[in-house]
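Listed in order, the protein sequences are those of chains A and B.
Going by the numbering used here, the first residue of the first sequence is number 5, and it counts up by one from there.
Going by the numbering used here, the first residue of the second sequence is number 5, and it counts up by one from there.
Following: one structure in structure tokens, then a few remarks.
2 protein chains.
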Amino acid sequence: MDIELTEELHRIGERARSASRILGLASSDEKNRALLAMANQLLEDAPGILAANALDLAAGEQAGLSDSMLDRLRLDRVRLESMAEGIRVAASLPDPVGITLTEWKKENGLDFQKISVPIGVIGIIYESRPNVTSDAAILCLKAGNAVILRGGSEAIHSNRAIASSLQVGTCRAGLPEASIQLVQVTDREAVRLLCGMEKHLDCIIPRGGKGLIETVSLHARMPVIKHYDGICSVYVDAGADLEMARSILLNAKCQRPGVCNAIETLLLNRAIAPTFLSEGILSLLERGVELRCDKESLGLIPESIMVEHASLLKEAVEEDFRTEFLSLILALRIVDSVDEAIDHIESHGSHHSDSIVTEDAKVAERFLRGVDSATVYWNASTRFTDGSEFGFGCEIGISTDKLHARGPMGLQELTSYKYLIRGSGQVR
Amino acid sequence: MDIELTEELHRIGERARSASRILGLASSDEKNRALLAMANQLLEDAPGILAANALDLAAGEQAGLSDSMLDRLRLDRVRLESMAEGIRVAASLPDPVGITLTEWKKENGLDFQKISVPIGVIGIIYESRPNVTSDAAILCLKAGNAVILRGGSEAIHSNRAIASSLQVGTCRAGLPEASIQLVQVTDREAVRLLCGMEKHLDCIIPRGGKGLIETVSLHARMPVIKHYDGICSVYVDAGADLEMARSILLNAKCQRPGVCNAIETLLLNRAIAPTFLSEGILSLLERGVELRCDKESLGLIPESIMVEHASLLKEAVEEDFRTEFLSLILALRIVDSVDEAIDHIESHGSHHSDSIVTEDAKVAERFLRGVDSATVYWNASTRFTDGSEFGFGCEIGISTDKLHARGPMGLQELTSYKYLIRGSGQVR
């Protein structure tokens, strides 16, 4: 164990705890003023931030990062403007803290009030994209939480520049500098040490690949809100409007195949399978979607389509139905009924987002109740699982956990609650 | 690692998962019918349960368990009746599942509905008291969750008899037997293995001593809802009604000193310290409360009281302000202001329950906002932190965590939520 690093992280933790107590009692005005100061500071510091980003990009190129990795790393004026705009939007949203969630009075005269409060200190562990530094920090601050950020090594110069700019903004508005702190050490040891700091951190949110999330889950002594994989499905029922099914599938698979709310599995009811497999799938194939079909469905695809799209039509293996492809690949299976579809989703899916296409309201309700996922759709694309599409105004991620927060997480999900009880001398 | 035990626990986990899917969709009627059948079965099986309990008691006596441990272990007709009555009360409570928490419509026509759903499979790890077997099982079932119970070795015969009786009741009402399962192995290895079964268990609730809770926190791969210690305080402000303060202190310290919502610390405002220390403390001393006082307060106690109660008046050491005595001992400190009281509580307390006694509404509000505890009182005893005192009708425990559930946990806190989204073909 690295003693110096341990001590440094504990100092960061203590500073965050102190800052969180001031932030937790800050008024909406104070917090919003700080947010606007942060947005201004970020733009004022743009040249320095872009210079820092250039260092990261150069190092990334030298290290042979892929083009898509480099693109996620890259900052420019437009991206900085959009980060600043994100901060201004956060300032305009209602304060999630201090809201009376419920209140009641007991016969003994005690007044109970349940109000929302900040969680306290939140750790965000993330990879590559430097805009997370700003997005995560501002949402935590708006909800009255101090944040400890630990970004990836590939973005360390950009993250330092952004974090220090945000800190200047925070200080200018009179809130503690330690409201936002960036861990300067980017190796895995820092993650493991943070995971053991349950006295200082009330919660950790890992954002990144499976490896990172598994490391955090394994080591964390405090609650973790995971943003895991999305193995999402669309079930096309016997009672589906096939044109609607075609359009939803195209959107859910192709609009942005690399994101968690895109689908990986298509379940077809046996009754409509022949029709769909001779017409509906053409749109998918024409968009270059590779279909991994179970034996039965493969047998139902007309010879002409088989020939024309030979390279895109393959027989599925069991593992395909448990895989998040994150690319233009779709596993396809025929099922007998909505119940079989539910069973498949429950045993193969990741409880993220699933959709049924049908005109039959009874079947739809069965699906909506029976599928235990964060978001369950009827006649809509799974791509709507997103804080802004939900109307939250912002998003810190999409929780695949069932406790505390599930699905898109906005400001409300960054709060806890407490009970205030007012009496006149009551004893038990 | 014990392979046989691992396999057995995984079988239990799989059975629980299957049962949870049926329970999650069960109607309120089905669940309530099962609960009433369980209450009847428990009473019908009373002779067998009491015989099993006698075995545990005999073993406990032989093992030299303390009288209070033996008392917690002991069952009799009255206690069984009260367990059955607890089950009937649970049946009469409103179903916490399927409640629309919020709903809204977006301009694109999508209908959003956020509804409460069961958590899934809950593990309860507890010690000694066999009534927890019944209490925990029925609350989980009422909220649509399958439960895996792992009680202490000292109550194993009683727990087996109770669990099997509850299972018979569940089956009679047509719900899965595996809704309630008891782990038959009571060594620590079983706890560690359960903690690694994140695929099968959605959440673990440890109830018991610090050692148990720490083991579970250390090993658990799934969310843990902890029911940790209660280092609770009363702050008597300069503006306090001293007679009210006396009565609240007496209740909060003496009514049941061994429970988590009893107080361990008394903070006195300097302005009222001389008066309180020469009058108010007498009631506490007469009830046999040992006071561990900071230097200043010790100096303010009149000589006559010092002499008469010499054995109960000691100088405090720093550790006393961080200790859950669970007995008639109270640490006492003088503070300058409500802010110093808040600081003390934030740095020494366990964020459970704290109370201010004052007639000054402004000071009280400062305390209510500033103290970051699950329940914060104004002019009332901390002893009200309890599910039934809150009006929840029942309680699975008191969470000292800030995520998912905080403070007394009733049925609502045993649920999660999901979003149902109904559309007409919307794509993004």
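Even glycine gets a Cβ: it sits at the ideal position worked out from N, Cα and C.
Where residue i falls, given that 16 or more other Cβ within 10 Å makes a residue buried
i                : result
Ile434 (chain A) : The structure shown does not extend to residue 434 (chain A), since chain A is modelled only from 5 through 432, so no value can be given for it.
Thr269 (chain B) : buried
Gln430 (chain B) : buried
Glu393 (chain A) : buried
Ile217 (chain A) : buried
Gly417 (chain A) : One point to set straight first is that residue 417 (chain A) is Glu, not Gly, in the sequence displayed. Burial call: buried.
Leu59 (chain A)  : exposed
Ala256 (chain A) : buried
Ser315 (chain B) : exposed
Val311 (chain A) : exposed
Arg452 (chain B) : Nothing can be reported for residue 452 (chain B): it is not among the residues displayed for chain B, which extend from 5 to 432.
Val82 (chain B)  : exposed
Asn112 (chain B) : exposed
Ser308 (chain B) : exposed
Lys406 (chain A) : buried
Asp71 (chain A)  : exposed
Ser86 (chain B)  : exposed
Gly178 (chain B) : exposed
Gly292 (chain A) : exposed
Ala345 (chain A) : buried
Asp33 (chain A)  : exposed
Asp343 (chain A) : exposed
Beta-carbon contacts of residue i that lie in its chain and below 6 Å, excluding the five residues immediately before and after
i                : result
Cys175 (chain A) : Glu181
Ile126 (chain B) : Cys144, Asn149, Val151 and Cys207
Leu13 (chain A)  : Leu197
Ser262 (chain B) : One detail in the question is off: residue 262 (chain B) reads as Gly in this sequence, not Ser. Leu330.
His352 (chain B) : Phe325 and Arg326
Ala56 (chain B)  : His161, Ser162 and Ala165
Leu74 (chain A)  : Gly64
Gly173 (chain A) : Ala41, Met42 and Gln45
Val136 (chain A) : Tyr130
Test item: CB-CB of residue i and residue j under 7 Å
i                : j                : result
Ile128 (chain B) : Leu153 (chain B) : yes
Leu272 (chain A) : Ile338 (chain A) : yes
Gly401 (chain B) : Leu97 (chain B)  : no
Thr509 (chain A) : Ser359 (chain A) : Residue numbering for chain A in the displayed model covers 5 to 432; residue 509 (chain A) lies beyond these limits and cannot be assessed.
His231 (chain B) : Cys199 (chain B) : no
Ser31 (chain B)  : Arg76 (chain B)  : no
Leu332 (chain A) : Ser287 (chain A) : no
Ser221 (chain A) : Arg78 (chain B)  : no
Leu289 (chain B) : His313 (chain B) : yes
Pro134 (chain A) : Val101 (chain A) : no
Glu202 (chain A) : Asp6 (chain A)   : no
Leu39 (chain B)  : Ala94 (chain B)  : yes
Ala147 (chain B) : Leu415 (chain B) : yes
Ser120 (chain B) : Ile142 (chain B) : no
Ala409 (chain B) : Ile229 (chain B) : yes
Gln171 (chain A) : Ile16 (chain A)  : no
Ser183 (chain A) : Ala23 (chain A)  : yes
Gly234 (chain A) : Cys264 (chain A) : yes
Beta-carbon proximity list for residue i, same chain, < 7 Å, skipping 5 on both sides
i                : result
Val189 (chain B) : Leu9
His355 (chain B) : Asp376, Ser377, Ala378 and Thr404
Glu304 (chain A) : The sequence shown places Leu at residue 304 (chain A), not Glu. Result list for Leu304 (chain A): Ala277, Pro278 and Leu281, in chain order.
Ile349 (chain B) : Ser237, Asp358 and Val375
Ser157 (chain A) : Thr190
Gly28 (chain B)  : Val121, Pro122 and Gly148
Glu399 (chain A) : Asp390, Gly391, Ser392, Pro412, Met413 and Gly414
Ala275 (chain B) : Ala242
Cβ shell of residue i (< 8 Å), same chain only, five flanking positions each side left out
i                : result
Ile252 (chain A) : Val238, Ser359, Val361, Asn383, Ala384 and Ser385
Leu53 (chain B)  : Position check: residue 53 (chain B) holds Ile in this sequence, whereas Leu was assumed. Only Leu46, Leu79, Leu84, Ser162, Ala165, Ile166 and Ser169 meet the Cβ criterion.
Glu18 (chain B)  : His204
Determine, using beta-carbon pairs with one atom in the region 31-49 of chain A and one in the region 204-214 of chain A, whether at least three such pairs fall under 8 Å. Contact between the region 31-49 of chain A and the region 204-214 of chain A is absent: fewer than three C-beta pairs spanning the two stretches fall below 8 Å.
Measuring CB atoms only, is the region 239-249 of chain B touching the region 162-175 of chain B, in the sense that at least three cross pairs come out at less than 8 Å? Fewer than three beta-carbon pairs drawn from the region 239-249 of chain B and the region 162-175 of chain B are found closer than 8 Å, and the two stretches are therefore not classed as touching.
Check whether the region 314-327 of chain B touches the region 289-301 of chain B, taking contact to mean three or more Cβ pairs, one atom from each stretch, closer than 8 Å. Yes, they touch.
Are the region 369-383 of chain A and the region 415-432 of chain B touching by the rule of at least three beta carbon pairs closer than 8 Å? Judged by Cβ distances under 8 Å, the region 369-383 of chain A makes contact with the region 415-432 of chain B, as three or more pairs qualify.
To test your reading of the DSSP string, which unbroken beta strand (DSSP E) runs of 3 or more residues are found completely within the region 258-283 of chain B? If one requires a minimum length of 3 residues, the beta strand (DSSP E) runs lying completely within the region 258-283 of chain B are 267-273, in chain order.
Quick check for students: name the residue ranges of the beta strand (DSSP E) that lie wholly in the region 135-202 of chain A, counting only runs of 3 or more. Secondary structure in the region 135-202 of chain A: the beta strand (DSSP E) runs of 3 residues or longer, each lying completely within the stretch, are 150-154 and 184-186 in chain order.
Just list the beta strand (DSSP E) runs in the region 369-432 of chain B, keeping only unbroken ones of 3 residues or longer that don't cross its boundaries, in chain order. Complete beta strand (DSSP E) runs here, min 3: 379-384, 401-403, 411-413 and 419-430.
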